[in-house]
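Residue numbers (the working numbering), protein chains in the order written: chain R, 1 to 109; chain U, 1001 to 1113.
Glycine residues also receive a C-beta, built at the ideal position from the N, C-alpha and C atoms.
Have a look at the structure below before the remarks.
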Amino acid sequence: GQNIDQPTEMTATEGAIVQINCTYQTSGFNGLFWYQQHAGEAPTFLSYNVLDGLEEKGRFSSFLSRSKGYSYLLLKELQMKDSASYLCAVNANDYKLSFGAGTTVTVRA
Amino acid sequence: KAGVTQTPRYLIKTRGQQVTLSCSPISGHRSVSWYQQTPGQGLQFLFEYFSETQRNKGNFPGRFSGRQFSNSRSEMNVSTLELGDSALYLCASSRDSYQETQYFGPGTRLLVL
């Protein structure tokens, strides 16, 4: 099976930076996705990495190292609306995504 | 472009009943995947359909089934409902290849009593 690990919870202050790590052990690799999910809502797509390196999208950046089976999502200039669960998902070698359990980020004033 | 839509949004059933959930993908998307989300297990893959064919299946019992129509709309069915089937059922669509981003619908929240 696929194994995807990420921390359960993180807390940070408004305006700060938070880094959510994700490590994975999968039978193959066709890309890693990050999704944001607010309570009671559907996951929304944040980023996609298939090659090593950093992808930047505004306040959000995602990094991938395939050799280390490691990714992180960096949230900068945190806002209260960033309080949500962040899901790391890997497409191994088929048409399905395997998700980590999610990291709940709480932003405090 | 309209997003993924799912109906119904909320459903209450009793044990032993069956239920059918519907998903309409984003226009032009031909792949539809279904996931079950529970607090304890997180997001679990159920199955994926493309061109009316099931291409992949997760580790769920045969009580969970699905189908896809020629217009890419998809349905999933759960027969003989159990209390443990209470969950948020999410559908996601993508254009095709397994490297494509999946976009999620709002989900159907199923409560089994």
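Inter-residue spacing [alpha-carbon to alpha-carbon] between residue i and residue j
| i | j | result |
| --- | --- | --- |
| residue 33 (chain R) | residue 69 (chain R) | 13 angstroms |
| residue 1078 (chain U) | residue 62 (chain R) | 37 angstroms |
| residue 113 (chain R) | residue 1104 (chain U) | Given a span of 1 to 109 for chain R in the structure shown, any question on residue 113 (chain R) remains unanswerable. |
| residue 87 (chain R) | residue 1050 (chain U) | 25 angstroms |
| residue 1003 (chain U) | residue 55 (chain R) | 25 angstroms |
| residue 1 (chain R) | residue 1110 (chain U) | 27 angstroms |
| residue 1118 (chain U) | residue 1026 (chain U) | Nothing about residue 1118 (chain U) can be reported from this structure: the residues present for chain U run from 1001 to 1113 only. |
| residue 1048 (chain U) | residue 1087 (chain U) | 18 angstroms |
| residue 16 (chain R) | residue 1053 (chain U) | 47 angstroms |
| residue 126 (chain R) | residue 1008 (chain U) | Here chain R has residues from 1 to 109 only, and residue 126 (chain R) is not among them. |
| residue 1092 (chain U) | residue 94 (chain R) | 15 angstroms |
| residue 1005 (chain U) | residue 44 (chain R) | 14 angstroms |
| residue 40 (chain R) | residue 53 (chain R) | 32 angstroms |
| residue 1061 (chain U) | residue 1041 (chain U) | 16 angstroms |
| residue 1068 (chain U) | residue 38 (chain R) | 29 angstroms |
| residue 79 (chain R) | residue 1059 (chain U) | 38 angstroms |
| residue 1099 (chain U) | residue 1019 (chain U) | 31 angstroms |
Supposed contact pair residue j and residue i - C-beta distance, whole angstroms, cut 8 angstroms
| i | j | result |
| --- | --- | --- |
| residue 105 (chain R) | residue 18 (chain R) | 6 angstroms |
| residue 1112 (chain U) | residue 1075 (chain U) | Going by Cβ atoms, the distance from residue 1112 (chain U) to residue 1075 (chain U) rounds to 18 angstroms, so no, they are not a contact pair. |
| residue 50 (chain R) | residue 31 (chain R) | 4 angstroms |
| residue 1055 (chain U) | residue 1096 (chain U) | No, residue 1055 (chain U) and residue 1096 (chain U) are not in contact; Cβ-Cβ is about 10 angstroms, not under 8 angstroms. |
| residue 22 (chain R) | residue 71 (chain R) | 5 angstroms |
| residue 84 (chain R) | residue 1107 (chain U) | Actually they are not in contact, since the Cβ atoms of residue 84 (chain R) and residue 1107 (chain U) sit about 15 angstroms apart, beyond 8 angstroms. |
| residue 103 (chain R) | residue 6 (chain R) | 5 angstroms |
| residue 1045 (chain U) | residue 81 (chain R) | About 29 angstroms; that fails the 8 angstroms criterion. |
Best match in the options for proximity to residue i [C-alpha to C-alpha]
| i | options | result |
| --- | --- | --- |
| residue 1021 (chain U) | U:1054, U:1083, U:1064 | U:1064 |
| residue 47 (chain R) | R:57, R:41, R:80, R:97 | R:57 |
| residue 1015 (chain U) | U:1102, U:1106, U:1085 | U:1085 |
| residue 1072 (chain U) | U:1013, U:1006, U:1032, U:1010 | U:1032 |
| residue 25 (chain R) | R:3, R:31, R:38 | R:3 |
| residue 77 (chain R) | R:1, R:8, R:14, R:9 | R:14 |
| residue 1028 (chain U) | U:1107, U:1109, U:1070, U:1087 | U:1070 |
| residue 60 (chain R) | R:43, R:20, R:38, R:95 | R:20 |
| residue 1066 (chain U) | U:1005, U:1009, U:1008, U:1023 | U:1023 |
| residue 8 (chain R) | U:1094, U:1039, U:1059 | U:1039 |
Cβ shell of residue i (< 7 angstroms), same chain only, five flanking positions each side left out
| i | result |
| --- | --- |
| residue 11 (chain R) | 106, 108 |
| residue 1012 (chain U) | 1111, 1113 |
| residue 98 (chain R) | 2, 4, 26, 89, 90, 92 |
Own chain residues within Cβ distance below 6 angstroms of residue i, not counting five before or after
| i | result |
| --- | --- |
| residue 1017 (chain U) | 1081 |
| residue 1057 (chain U) | 1047 |
| residue 74 (chain R) | 19, 61 |
| residue 1010 (chain U) | 1109 |
Own chain partners of residue i with C-beta closer than 8 angstroms, once the 5 adjacent residues on each side are dropped
| i | result |
| --- | --- |
| residue 1043 (chain U) | 1035, 1036, 1037, 1090 |
Residues from the segment 44-62 of chain R in contact with chain U, defined by Cβ distance under 8 angstroms: Answer in chain order: 44, 45, 48, 50.
Contacting positions in the segment 1047-1065 of chain U - beta carbon closer than 8 angstroms to chain R: Against chain R - using a Cβ distance shorter than 8 angstroms - the residues of the segment 1047-1065 of chain U are 1048, 1050, 1055, 1056, 1058.
Proximal residues, the segment 12-41 of chain R versus chain U, C-beta separation under 9 angstroms: So the close ones are 30, 31, 33, 35, 37, 40, 41.
Interface positions of the segment 1094-1113 of chain U facing chain B (Cβ-Cβ less than 7 angstroms), listed along the chain: No chain B is present in this structure, whose protein chains are R and U.
Interface residues of the segment 76-89 of chain R facing chain U [CB-CB below 9 angstroms]: Sequence-ordered contacts of the segment 76-89 of chain R with chain U read 87, 89 [C-beta pairs closer than 9 angstroms].
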